[in-house]
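Shown next as structure tokens:
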């Protein structure tokens with residue numbers, strides 16, 4: 011069974027970068043797929059990768075990650091600049107970030123209209 | 023207007039780097055994109071010696087390696103840099119993948135441990151780079167989150183980027199797909215293994231760095 015846990019942006023908004031990453035990884039390490047409203051900053055994304063590497067062991071093999079952002083083609087120029095500044099400083103509520111444990115999620119594929127979570131086939135135990 | 027601002031920043035950076043006598047040029051990318059093969063090619067072309075070992079098994083480079091004082095020339099242009107070959111950046115490392123590739127369980131666990139440290143080290147070095155060549159395997163899907171995260175980070179740090187679409191000698195190579203994934207960057211198709219199109223890469227390096 012695949013469990014998805016939604017993390018509203020308000021849950022991480024007031025947290026430091028380290029705590030944001032920890033909160034997400036705690037969900038993923040408990041073998042759930044985290045659906046984060048919005049996205050982390052660029053630096054936090056690399057922080058997530060670094061911290062993931064620090065946590066890898068025989069049970070936790072890492073993460074699969076996908077950031078989906080809204081199409082900004084129709085947004086005005088001033089709004090684009092404002093969004094870029096806000097995102098660089100604090101991340102953004104726009105879009106969604108999917109983070110799953112690599113022991114369960116083999117790959118996350120993005121299509122214009124759909125997201126595919128490819129799961130790892132697990133060997134069934136013989137009775 | 024955004025394009026004009028980008029151009030201004032780019033020119034500012036170019037002028038800034040021109041004043042530096044040496045720059046640190048980093049090779050970044052996912053595992054098995056051909057970073058070390060490219061590092062070896064650059065070193066062979068300009069120093070006559072290779073830099074590191076390559077392998078079809080991912081994470082062959084597990085620590086940052088630096089080759090100092092490489093001078094490349096083309097006509098009147100000259101660029102001097104320290105070449106920094108970094109471990110491939112990944113979001114998952116499973117020692118069982120190395121076992122499947124033929125390593126013993128002990129070797130595989132050791133490689134996985136070293137590979138995790140390598141990723142952390144590569145990320146730490148990002149701040150020290152003056153310019154970066156992102157090396158991608160042109161036979162693979164470029165839209166991976168790792169690629170997007172690496173390039174996004176370099177962009178956020180205002181580090182000049184040149185994207186290399188490596189392995190163009192292979193039938194499945196698709197440079198256009200990489201160009202469409204990262205349209206704001208120059209993409210140079212090369213075969214580091216066979217030295218194909220390296221002159222174009224060096225020309226582009228002068229422009230970016």
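Residue numbers (my numbering), protein chains in the order written: chain A, 11 to 137; chain B, 23 to 231. Using N, Cα and C, we set each Cβ at its ideal position, and we do this for glycine too.
For the candidate residues the options, whose alpha-carbon lies nearest to that of residue i?
{"i": "residue 161(B)", "options": "213(B), 218(B) and 74(B)", "result": "213(B)"}
{"i": "residue 115(B)", "options": "38(A), 74(A), 108(A) and 128(A)", "result": "74(A)"}
{"i": "residue 51(A)", "options": "21(A), 17(A), 77(A) and 114(A)", "result": "77(A)"}
{"i": "residue 36(A)", "options": "129(A), 58(A) and 119(A)", "result": "58(A)"}
{"i": "residue 47(A)", "options": "29(A), 40(A), 68(A) and 15(A)", "result": "15(A)"}
{"i": "residue 196(B)", "options": "85(B), 159(B) and 228(B)", "result": "159(B)"}
{"i": "residue 60(B)", "options": "182(B), 188(B) and 130(B)", "result": "188(B)"}
{"i": "residue 118(B)", "options": "110(B), 127(B) and 111(B)", "result": "127(B)"}
{"i": "residue 44(B)", "options": "150(B), 103(B) and 130(B)", "result": "103(B)"}
{"i": "residue 70(B)", "options": "198(B), 76(B), 93(B) and 83(B)", "result": "93(B)"}
{"i": "residue 153(B)", "options": "76(B), 52(B), 226(B) and 53(B)", "result": "226(B)"}
{"i": "residue 17(A)", "options": "34(A), 24(A) and 27(A)", "result": "34(A)"}
{"i": "residue 191(B)", "options": "215(B), 172(B) and 132(B)", "result": "215(B)"}
First and last residue of the alpha helix (DSSP H) that includes residue i?
{"i": "residue 57(A)", "result": "52 to 65"}
{"i": "residue 35(A)", "result": "27 to 39"}
{"i": "residue 114(A)", "result": "Neither: residue 114(A) is in no alpha helix (DSSP H) and is coded neither H nor E."}
{"i": "residue 23(A)", "result": "19 to 23"}
How is the beta strand (DSSP E) around residue i delimited, first residue to last?
{"i": "residue 4(B)", "result": "Past the edges of chain B, shown from 23 to 231, lies residue 4(B), and the structure says nothing about it."}
{"i": "residue 131(A)", "result": "No beta strand (DSSP E) contains residue 131(A), which DSSP labels as neither H nor E."}
{"i": "residue 44(A)", "result": "43 to 49"}
{"i": "residue 75(A)", "result": "73 to 78"}
Would you mind stating whether residue i and residue j have Cβ atoms separated by less than 9 Å?
{"i": "residue 105(A)", "j": "residue 118(A)", "result": "no"}
{"i": "residue 139(B)", "j": "residue 63(A)", "result": "yes"}
{"i": "residue 113(B)", "j": "residue 167(B)", "result": "yes"}
{"i": "residue 50(B)", "j": "residue 144(B)", "result": "yes"}
{"i": "residue 68(B)", "j": "residue 106(B)", "result": "no"}
{"i": "residue 32(A)", "j": "residue 13(A)", "result": "no"}
{"i": "residue 151(B)", "j": "residue 47(B)", "result": "yes"}
{"i": "residue 184(B)", "j": "residue 141(B)", "result": "no"}
{"i": "residue 228(B)", "j": "residue 96(B)", "result": "yes"}
{"i": "residue 165(B)", "j": "residue 120(A)", "result": "yes"}
{"i": "residue 127(A)", "j": "residue 108(A)", "result": "yes"}
{"i": "residue 53(B)", "j": "residue 124(B)", "result": "no"}
{"i": "residue 58(B)", "j": "residue 86(B)", "result": "no"}
{"i": "residue 112(A)", "j": "residue 72(A)", "result": "yes"}
{"i": "residue 131(B)", "j": "residue 163(B)", "result": "no"}
Would you tell me roughly how many angstroms separate the C-alpha atoms of residue i and residue j, rounded to the nearest one?
{"i": "residue 41(B)", "j": "residue 179(B)", "result": "With a pLDDT of 48 at residue 41(B), under the threshold of 50, the predicted position of this residue should be treated as unreliable, and no value is reported."}
{"i": "residue 73(B)", "j": "residue 62(B)", "result": "5 Å"}
{"i": "residue 39(A)", "j": "residue 80(B)", "result": "24 Å"}
{"i": "residue 102(A)", "j": "residue 176(B)", "result": "19 Å"}
{"i": "residue 211(B)", "j": "residue 56(A)", "result": "27 Å"}
{"i": "residue 89(B)", "j": "residue 78(B)", "result": "23 Å"}
{"i": "residue 121(B)", "j": "residue 125(A)", "result": "31 Å"}
{"i": "residue 219(B)", "j": "residue 56(B)", "result": "15 Å"}
{"i": "residue 26(A)", "j": "residue 174(B)", "result": "20 Å"}
{"i": "residue 230(B)", "j": "residue 186(B)", "result": "12 Å"}
{"i": "residue 193(B)", "j": "residue 202(B)", "result": "19 Å"}
{"i": "residue 135(B)", "j": "residue 98(B)", "result": "46 Å"}
{"i": "residue 130(A)", "j": "residue 21(A)", "result": "29 Å"}
{"i": "residue 91(B)", "j": "residue 69(A)", "result": "43 Å"}
{"i": "residue 29(A)", "j": "residue 82(B)", "result": "32 Å"}
{"i": "residue 65(B)", "j": "residue 23(A)", "result": "47 Å"}
{"i": "residue 221(B)", "j": "residue 209(B)", "result": "14 Å"}
{"i": "residue 129(B)", "j": "residue 100(B)", "result": "43 Å"}
{"i": "residue 4(A)", "j": "residue 116(A)", "result": "Any property of residue 4(A) remains undetermined from this structure, which presents chain A solely from 11 to 137."}
{"i": "residue 54(A)", "j": "residue 19(A)", "result": "14 Å"}
{"i": "residue 169(B)", "j": "residue 181(B)", "result": "15 Å"}
{"i": "residue 61(A)", "j": "residue 79(A)", "result": "23 Å"}
{"i": "residue 133(B)", "j": "residue 65(A)", "result": "16 Å"}
Determine the chain D residues that contact residue i at a beta-carbon separation under 8 Å, and present them in chain order.
{"i": "residue 72(A)", "result": "The displayed structure is made up of protein chains A and B, and chain D is not among them."}
Contained beta strand (DSSP E) runs [length at least 3] in the region 50 to 122 of chain B, N- to C-terminal order: 87 to 96 and 99 to 107
Whole runs of the alpha helix (DSSP H) within the region 147 to 222 of chain B, excluding any shorter than 4 residues: 167 to 178 and 197 to 203
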